[in-house]
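Chains as they are written, first to last, in the UniProt record's numbering: chain A, 1 to 239; chain B, 1 to 239.
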């Protein structure tokens, strides 16, 4: 990849408020690296959020937040489009054609409104509820699978916007499976998503920023325990 | 407004699958009219969806769907951006500046993820549940109110993307109040949203396409009855 650092420095100061275990934050780190944007990482402990995070994202109080020359941008899909429009001279994430752009936005919304919440539900539940959430996730993934017909990446022959959006399937689904004891990404049912996972994990920028598997498993195991015990207390199943 | 019809005809055939009582579909009709795009209205009876709607929006099976030269585009926010990018020579809906665009997308997402579902919940519930949903809606609207500080429209001095997105507050909230017996848009609590409602209702394109109040009330009264009885059956409160 060319060195775009000089150009990106002229564009001012960039900070990314994130935590390394968030799939939403991860896609922003990928986009900035793909664009060659130099940025400062502001690590957030979500159990003890910083004053700055609450100031910059007062509505949702969540990572990721991109701070560009002191101006905050929130919501990961919004940030991805901002990055693409601001560092717009090369490595475009979204295609140029309006219909292809609409298509990418449609599936990004499908990822975040339908597939990711469903997989999250399977991750933080147990028993019958977990089975239902798993089935729901599989049905959503059946739809995603079809989008890869005849393609190496969601965007076609090269990595793009939708690959970053669906990147959580490549990195985090495996961790969800490992920590919650369910199998979701079966190679026979999802041959195209499985092949895509291999393709995306070979991209240098993605490889370089892939979170440590053991650390992720440890973190996700603890988070699951926390969510399940919180739900049990809420439902009156524990004191 | 200038006559952009000739130019829009050169852009091919446009059809809008919609129903007149849907706030999501209404924003698309507004956008097409603002752009001067000639289109054919394909009215959908949501109790008996057409074969074409199911073919063009197989994932969500919902209106609105925009069909442009035979290609379907789904999800109202995605369609709005498509319209803005395709008929791009005039009356831009989104601002040019990347930060202002990100800001518009952030609040559009807030409308559709947070405020609209909350108001819908208040509309289709009763008793304590309705009171809770109403309070939730008021809190979300407090946040929206602040966005209008010092502005005539959400986009500034002229109508834009965010005004079309939040347009449901101007047209449908009144109908929700009337049919579900709750007051949400109190002028003392929401002076800026109330003033904006007056401003947007004076725009000719909005005025021309404002749905008939009595017809809307009748439709929304029946829909509420349907949702409440369906929920009662689901909860085992009715046979």
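Yeah, the Cβ is synthetic: ideal placement off N, Cα and C, and Gly gets one too.
Length of the line joining the Cα atoms of residue i and residue j
i             : j             : result
residue 6/A   : residue 91/A  : Note that residue 6/A scores 47 on pLDDT, short of 50, meaning its location in the model is unreliable; the coordinates nonetheless yield the value given after this. Approximately 16 angstroms between the Cα atoms of the pair.
residue 119/A : residue 17/A  : 24 angstroms
residue 4/B   : residue 35/A  : Low local confidence applies: a pLDDT of 41 at residue 4/B is under 50, so the model's placement there is unreliable, with the coordinate-based value given in what follows. Going by the C-alpha atoms only, they are around 38 angstroms apart.
residue 65/A  : residue 221/A : 25 angstroms
residue 232/A : residue 133/A : 17 angstroms
residue 52/B  : residue 89/B  : 31 angstroms
residue 157/B : residue 150/A : 47 angstroms
residue 87/A  : residue 208/B : 41 angstroms
residue 219/B : residue 40/A  : 54 angstroms
residue 48/A  : residue 202/A : 35 angstroms
residue 128/B : residue 171/A : 42 angstroms
residue 110/B : residue 136/B : 13 angstroms
residue 46/B  : residue 71/B  : 21 angstroms
residue 234/B : residue 226/B : 12 angstroms
residue 55/A  : residue 106/B : 16 angstroms
residue 1/B   : residue 215/B : Low confidence applies to residue 1/B: its pLDDT is 39, below 50, so where it sits in the model is not reliable, and the reading given next is rough at best. Going from the Cα of residue 1/B to the Cα of residue 215/B covers about 29 angstroms.
Check whether residue i and residue j have beta carbons under 8 angstroms apart
i             : j             : result
residue 83/A  : residue 32/A  : yes
residue 59/A  : residue 143/B : yes
residue 20/B  : residue 204/B : no
residue 194/A : residue 187/A : yes
residue 42/A  : residue 15/A  : yes
residue 126/B : residue 228/B : yes
residue 104/A : residue 95/A  : yes
residue 124/A : residue 224/A : yes
residue 217/B : residue 177/B : no
Cutoff 8 angstroms; reference residue i; Cβ partners in own chain excluding five residues on either side
i             : result
residue 173/B : 119, 184, 185
residue 242/A : The structure shown has nothing for residue 242/A, since chain A only spans 1 to 239.
residue 138/A : 184, 189
residue 50/A  : 17, 42, 44
residue 230/A : none
residue 116/B : 23, 168
Chain D residues whose Cβ lies nearer than 9 angstroms to that of residue i
i            : result
residue 82/A : You won't find chain D in this structure, because its protein chains are A and B.
Contacting residues, own chain, Cβ-Cβ under 6 angstroms from residue i (five flanking each side not counted)
i             : result
residue 108/B : 77, 165
residue 63/A  : 17, 18, 19, 22, 25, 44
residue 152/B : 199
residue 80/A  : 31
residue 168/B : 23
residue 67/B  : 15
residue 93/B  : 84, 160, 161
residue 57/B  : 65, 74
residue 112/B : none
residue 206/B : 200
residue 29/B  : 209
Residues that residue i contacts on chain B, provided the C-beta gap is smaller than 9 angstroms
i             : result
residue 109/A : 75, 77, 78
Contact list for residue i against chain A, beta-carbon separation under 7 angstroms
i            : result
residue 85/B : 98, 101
Near the ligand ATP: residue i beta-carbon under 7 angstroms from a heavy atom
i            : result
residue 26/B : This structure does not include the ligand ATP; it has no bound ligands of any sort.
Proximal residues of chain A, C-beta to C-beta of residue i below 8 angstroms
i             : result
residue 143/B : 59
residue 71/B  : 99
Spatial neighbours of residue i in its chain, beta-carbon cut-off 7 angstroms, leaving aside the 5 residues before and after
i             : result
residue 114/A : 140
residue 163/B : 153, 154, 155, 200
residue 69/B  : 12, 13
residue 182/A : 122, 130, 134
residue 190/A : 141, 145
residue 252/B : Outside the shown range of chain B, which is 1 to 239, sits residue 252/B, and nothing can be said about it.
residue 101/A : 94, 95
Quick check for students: name the residue ranges of the alpha helix (DSSP H) that lie wholly in the segment 103 to 183 of chain A, counting only runs of 4 or more.
116 to 123, 127 to 146, 161 to 165, 167 to 171, 173 to 180
Would you list, in sequence order, the uninterrupted beta strand (DSSP E) runs of no fewer than 3 residues that lie entirely inside the segment 16 to 48 of chain B?
40 to 43
In chain order, each alpha helix (DSSP H) run of at least 4 residues that lies wholly inside the segment 46 to 85 of chain B
51 to 56
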